[in-house]
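Chains as they are written, first to last, in the numbering used here: chain A, 0 to 345; chain B, 0 to 345.
Glycine included, each C-beta is placed from N, C-alpha and C at the ideal position.
Remember, predicted model here, so these are calculated numbers, not experimental data.
Protein chains: 2
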Amino acid sequence: MSRTAASPRPGRRPSVKDVAERAQVSLGTVSNVLNRPDRVSASTRDRVERAMADLGFVLNESARQLRMGRSNTFAYVMLDATNPFFTDVARGIELAAEKADLSLFLCNSDGRSTREGAHLAHLQQQRVDGILITPVDPDAPELPRIVQQGTPLVVVDRAATSGSFCSVTVDDRLGGRIAIEHLLDQGHTRVAFVGGPDSIGQVRDRYEGACEAWREAGLPDTDLIRVETEALSVQEGHVAGERLAGLPKRKRPSAVFCANDLVALGLLQQVVSSGQRVPEDLAIVGYDDISFAAGAAVPLSSVRQPRQALGRAAAELLIDEVNNPDHEHQQVEFTPELVARTSTLG
Amino acid sequence: MSRTAASPRPGRRPSVKDVAERAQVSLGTVSNVLNRPDRVSASTRDRVERAMADLGFVLNESARQLRMGRSNTFAYVMLDATNPFFTDVARGIELAAEKADLSLFLCNSDGRSTREGAHLAHLQQQRVDGILITPVDPDAPELPRIVQQGTPLVVVDRAATSGSFCSVTVDDRLGGRIAIEHLLDQGHTRVAFVGGPDSIGQVRDRYEGACEAWREAGLPDTDLIRVETEALSVQEGHVAGERLAGLPKRKRPSAVFCANDLVALGLLQQVVSSGQRVPEDLAIVGYDDISFAAGAAVPLSSVRQPRQALGRAAAELLIDEVNNPDHEHQQVEFTPELVARTSTLG
DNA sequence: TCCCCGTTGTGAAACCTTTCAATCAAGGAT
DNA sequence: ATCCTTGATTGAAAGGTTTCACAACGGGGA
Numbered sequence: 000m001s002r003t004a005a006s007p008r009p010g011r012r013p014s015v016k017d018v019a020e021r022a023q024v025s026l027g028t029v030s031n032v033l034n035r036p037d038r039v040s041a042s043t044r045d046r047v048e049r050a051m052a053d054l055g056f057v058l059n060e061s062a063r064q065l066r067m068g069r070s071n072t073f074a075y076v077m078l079d080a081t082n083p084f085f086t087d088v089a090r091g092i093e094l095a096a097e098k099a100d101l102s103l104f105l106c107n108s109d110g111r112s113t114r115e116g117a118h119l120a121h122l123q124q125q126r127v128d129g130i131l132i133t134p135v136d137p138d139a140p141e142l143p144r145i146v147q148q149g150t151p152l153v154v155v156d157r158a159a160t161s162g163s164f165c166s167v168t169v170d171d172r173l174g175g176r177i178a179i180e181h182l183l184d185q186g187h188t189r190v191a192f193v194g195g196p197d198s199i200g201q202v203r204d205r206y207e208g209a210c211e212a213w214r215e216a217g218l219p220d221t222d223l224i225r226v227e228t229e230a231l232s233v234q235e236g237h238v239a240g241e242r243l244a245g246l247p248k249r250k251r252p253s254a255v256f257c258a259n260d261l262v263a264l265g266l267l268q269q270v271v272s273s274g275q276r277v278p279e280d281l282a283i284v285g286y287d288d289i290s291f292a293a294g295a296a297v298p299l300s301s302v303r304q305p306r307q308a309l310g311r312a313a314a315e316l317l318i319d320e321v322n323n324p325d326h327e328h329q330q331v332e333f334t335p336e337l338v339a340r341t342s343t344l345g
Numbered sequence: 000m001s002r003t004a005a006s007p008r009p010g011r012r013p014s015v016k017d018v019a020e021r022a023q024v025s026l027g028t029v030s031n032v033l034n035r036p037d038r039v040s041a042s043t044r045d046r047v048e049r050a051m052a053d054l055g056f057v058l059n060e061s062a063r064q065l066r067m068g069r070s071n072t073f074a075y076v077m078l079d080a081t082n083p084f085f086t087d088v089a090r091g092i093e094l095a096a097e098k099a100d101l102s103l104f105l106c107n108s109d110g111r112s113t114r115e116g117a118h119l120a121h122l123q124q125q126r127v128d129g130i131l132i133t134p135v136d137p138d139a140p141e142l143p144r145i146v147q148q149g150t151p152l153v154v155v156d157r158a159a160t161s162g163s164f165c166s167v168t169v170d171d172r173l174g175g176r177i178a179i180e181h182l183l184d185q186g187h188t189r190v191a192f193v194g195g196p197d198s199i200g201q202v203r204d205r206y207e208g209a210c211e212a213w214r215e216a217g218l219p220d221t222d223l224i225r226v227e228t229e230a231l232s233v234q235e236g237h238v239a240g241e242r243l244a245g246l247p248k249r250k251r252p253s254a255v256f257c258a259n260d261l262v263a264l265g266l267l268q269q270v271v272s273s274g275q276r277v278p279e280d281l282a283i284v285g286y287d288d289i290s291f292a293a294g295a296a297v298p299l300s301s302v303r304q305p306r307q308a309l310g311r312a313a314a315e316l317l318i319d320e321v322n323n324p325d326h327e328h329q330q331v332e333f334t335p336e337l338v339a340r341t342s343t344l345g
């Protein structure tokens with residue numbers, strides 16, 4: 000392949016100054032064409048616009064930001080960009096941001112604190128107007144520090160512990176509770192909770208909710224089995240399925256509650272392919288209701304979270320914080336909802 | 000909730016100047032601490048660093064960029080952030096970028112040209128060092144224009160038509176061909192191709208490859224049925240399943256080749272839930288081999304693309320273009336590979 | 001004819017950083 | 001005592017934009 004002729008620019012890119020020169024106007028006028036077109040006569044405006052087109056002028060956002068002190072940009076630091084739950088949340092944020100004429104950058108921490116920290120530092124230096132984040136650790140001291148240094152921040156899908164920012168969550172304890180109550184309704188008295196690691200707050204809360212409901216039903220603690228996974232992935236669901244199959248028959252649960260749908264789908268696949276029937280031999284309920292849940296060959300019952308709404312609410316809180324001097328930090332909590340499908344209903 | 004005491008900053012954020020003042024050094028020295036720490040004595044360095052910490056100094060990236068003329072940032076404009084294929088590509092890009100000490104911003108065009116255009120304009124203004132993009136339309140005149148205006152660009156998963164940039168692709172015709180050849184091997188003589196809309200280049204190419212293989216096998220064109228969908232989603236796969244079921248029995252295919260895995264999974268679910276067996280009644284092969292494919296209750300055969308490698312290669316080409324004055328544009332093409340699972344093997 | 005006002009256009013200052021030539025101090029060699 | 005060298009520090013310029021006080025111009029009213 001041959002290198003195509005490079006653009007004929009003389010090293011530097013055209014600036015407003017160049018445009019001004021070519022259009023025979025002052026620098027300020029060019030800026031006016033850009034920002035207050037009404038304050039400049041039609042004829043000069045034309046001239047300036049033609050000059051911009053001829054030169055291939057592209058405004059330098061760094062310079063503008065430097066001058067203006069704001070960037071009209073939000074960023075969302077996701078915990079796991081490959082989990083459909085988070086991409087849906089991102090979609091909700093994006094829609095709200097678009098409506099408010101803000102750009103949105105997505106960053107992926109991939110569950111690693113170091114990567115998260117690097118992203119945060121960079122975003123702060125970029126002077127984004129606000130940061131949305133689903134943090135690896137919501138108690139990390141960086142978060143309040145960032146706010147304190149002047150960049151507003153909203154935590155998504157975890158509760159704010161520090162009082163210095165808003166948060167938007169779904170009630171994970173309640174989610175755990177309704178999942179278990181549903182299984183109890185179906186007559187199950189021996190159930191496994193599959194998920195982990197325990198360092199993930201969402202997992203802890205869902206498990207606790209499950210325990211509460213279990214105890215209230217008067218069932219013995221020992222009949223709610225805990226199977227801990229190393230991650231919330233399809234792969235780990237598979238592994239968990241094998242571990243369950245290894246249990247002596249009488250200890251085996253008749254139903255499983257998975258900490259998220261990825262795990263549930265992995266488990267489902269393992270269970271079905273090993274010849275068991277779902278839900279007759281084993282009922283399964285997942286969490287998140289990602290779009291693949293309904294599409295599984297045994298449609299998966301799941302605890303639905305309002306994913307897009309979650310994102311939208313978070314973005315709106317941030318927008319308020321940026322624009323409204325009387326903003327007060329809020330903790331918004333959504334309510335999950337059980338979607339019962341074949342995997343628990345026979 | 001009460002508003003927590005705002006940070007005690009006096010309106011403005013601390014700049015190097017403030018740091019310099021507090022540390023009793025000149026402005027240039029602070030910059031040296033930041034950029035060439037070796038060129039400043041240990042004692043002053045300490046003093047400066049303490050001042051930075053005390054003031055909560057955060058470097059202003061806009062100013063730096065303005066001065067330096069480069070941002071050390073790439074961006075990837077994705078076609079569909081909710082499709083696992085693209086998030087995996089993004090992951091590959093991210094890993095390569097991280098290794099080269101570049102930040103990566105992700106943008107989602109969501110298949111809409113207008114959104115894509117808005118993102119591109121904004122990125123150009125931000126002066127990102129380079130753009131990776133899976134375009135809605137690879138022939139859009141914006142792409143060469145952006146390059147011509149000085150921002151290098153690499154097209155991902157589509158071939159470059161203009162000679163002004165690199166591209167990284169997977170051979171979609173070959174992918175279509177091997178999918179069909181696999182089905183022919185299994186003895187199928189009546190097959191449907193499901194996917195659309197036809198405006199998507201990937202869909203066209205895969206279909207053409209399929210046709211070629213079909214003709215070479217000497218089978219009549221009419222026995223390769225075309226079922227066009229409105230999008231490449233799980234939902235649309237479902238719809239397509241219903242349409243197939245509506246065909247008179249003798250016209251019904253014994254196997255289906257889907258343009259991507261989302262469609263295949265939707266179809267699979269519809270087929271299974273309507274009581275047919277896979278692959279006995281209907282064999283299914285998908286495309287992309289996303290992680291949910293292996294995890295489907297009938298594990299899905301699929302044409303695997305090297306997703307992460309695709310992203311990595313694209314990022315590396317862009318890095319070369321940015322750093323190497325002798326860079327020559329290249330079209331890199333990867334080869335897809337069939338992964339046979341239960342959905343075609345019984 | 002003169003004054004005032006509204007409309008256009010101007011030019012310099014400010015935003016914050018990096019760079020580079022120049023200065024300064026101190027110590028070693030002559 | 002003087003000169004050189006080395007290493008540390010300085011100060012000013014540059015980078016592209018927006019803003020704002022101001023000038024220039026023309027026209028309407030008195």
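Taking a C-beta distance under 8 Å as the contact criterion, B:Ala209 and B:Ala178 qualify as a contact pair. When Cβ-Cβ separations below 8 Å define contact, A:Asn322 makes no contact with chain B. Neighbours of B:Asp87 across chain A, judged by C-beta separation under 9 Å: Thr81. At a beta-carbon threshold of 9 Å, none of the residues of chain A lie near B:His181; the nearest stands roughly 21 Å away. Counting only Cβ-Cβ distances below 7 Å, B:Ala296 has contacts in chain A at Leu267, Gln268, Val271, Ala295, Ala296 and Val297, in chain order. Taking a cut-off of 8 Å for Cβ pairs, the segment 188 to 201 of chain A and the segment 242 to 253 of chain A touch, as three or more such pairs fall below it.
When C-alpha distances from A:Ala258 are compared across A:Glu180, A:Gln185, A:Ala159 and A:Gly200, the shortest belongs to A:Gly200. Between the segment 136 to 144 of chain A and the segment 103 to 119 of chain B, the count of C-beta pairs closer than 8 Å stays below three; the two stretches do not touch. Bounds of any alpha helix (DSSP H) do not take in B:Arg276, whose DSSP letter is neither H nor E. By the Cβ-count criterion, A:Thr28 is buried, with 16 or more other Cβ atoms from all chains shown falling within 10 Å of its own Cβ.
With fewer than 16 other Cβ atoms inside 10 Å of its own Cβ, B:Thr334 counts as exposed.
Within the segment 87 to 111 of chain B, contact with chain A at the beta-carbon level (separation under 9 Å) is assigned to Asp87, Ala89, Arg90, Glu93, Glu97, Ser102, Leu103, Phe104, Leu105, Cys106, Asn107 and Asp109.
A direct Cα-to-Cα measurement between B:Phe85 and B:Met77 gives close to 7 Å.
Assigned with DSSP and collapsed to three states, A:Glu60 falls in helix. Per DSSP, B:Arg303 is not a residue of any alpha helix (DSSP H); the beta strand (DSSP E) it occupies stretches across Ser300 to Arg303. For B:Phe73 against B:Val127, the beta-carbon gap comes to about 6 Å, under 8 Å, which counts as contact. Under DSSP, B:Ile132 takes part in a beta bridge, and its partners are B:Val76 and B:Val154. From the listed residues A:Trp213, A:Ala244 and A:Asp287, the smallest Cα separation to A:Thr168 is found for A:Asp287. In this structure A:Leu316 is not in contact with A:Val297, their Cβ atoms being roughly 38 Å apart against a cut-off of 8 Å.
Residue pairing by DSSP places A:Gly208 in no beta bridge whatsoever. The shortest C-alpha to C-alpha distance from B:Ala282 to any of B:Leu337, B:Thr341 and B:Ile224 is the one to B:Thr341. Taking the Cβ atoms as the reference, A:Glu115 lies roughly 7 Å from A:Pro134, within the contact range of under 8 Å. According to the DSSP assignment, A:Gly285 belongs to no alpha helix (DSSP H) but to the beta strand (DSSP E) extending over Ala282 to Asp287.
Within 10 angstroms of the beta-carbon of B:Asn107 lie 16 or more other beta-carbons, which makes it buried.
Within the DSSP bridge table, the entry for B:Phe104 names B:Ala74 as partners.
Look at the beta carbons and you see the segment 94 to 111 of chain A touching the segment 314 to 331 of chain A: at least three pairs across the two are nearer than 8 Å. Per the coordinates, the alpha-carbon of A:Ala339 lies some 7 Å from the alpha-carbon of A:Ser301.
The beta-carbon of A:His187 is placed no less than 8 Å from the nearest beta-carbon of chain B.
At a cut-off of 8 Å between C-beta atoms, B:Arg225 does not count as an interface residue with respect to chain A.
For A:Gln307, the enclosing alpha helix (DSSP H) begins and ends at Arg306 to Asn322.
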